[in-house]
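One point on numbering: in numbering that gives the first Met the number 0, the residue at position 35 of the sequence shown is 34, and numbering is uninterrupted.
For reference, the structure is listed below as structure tokens.
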Amino acid sequence: MGDNKPKLSHKARRRWSLVILLIGLPVYIVAVVTVLNLIGHPPFLVELLVYVVLGVAWILPFKFVFQGVGQADPDNDEP
């Protein structure tokens, strides 16, 4: 059972992380606020809980993209 998933290079993960943070996250925030405004304002604590849960949940599908982005490129042979 080998791991047949194609892996992103370090450079590609850095680029995708920027796209996700600069474009995807603002779009996600606007979508969440819009949906909560459409359904009405729940009590403050419920609304806060929804924002906290959704604020953490957005990163879960992209966890593999952000892993190791802040580290030096492992494929680079220079010290």
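Here a beta-carbon is modelled for each residue, glycine too, at the ideal position from N, C-alpha and C.
All values reported here derive from a predicted model rather than from experimental measurement.
Whose C-alpha, out of the options, is nearest the C-alpha of residue i?
i          : options           : result
residue 31 : 18, 45, 19 and 54 : 54
residue 60 : 19, 6 and 9       : 19
Taking 6 Å as the limit between beta carbons, can you name the residues of its chain near residue i, skipping five residues before and five after?
i          : result
residue 15 : 64
So, residue i versus residue j, is the Cβ gap smaller than 8 Å?
i          : j          : result
residue 46 : residue 37 : no
Take residue i and list the residues in its own chain whose beta-carbon comes closer than 8 Å to its own, dropping the five residues that flank it on each side.
i          : result
residue 58 : 65
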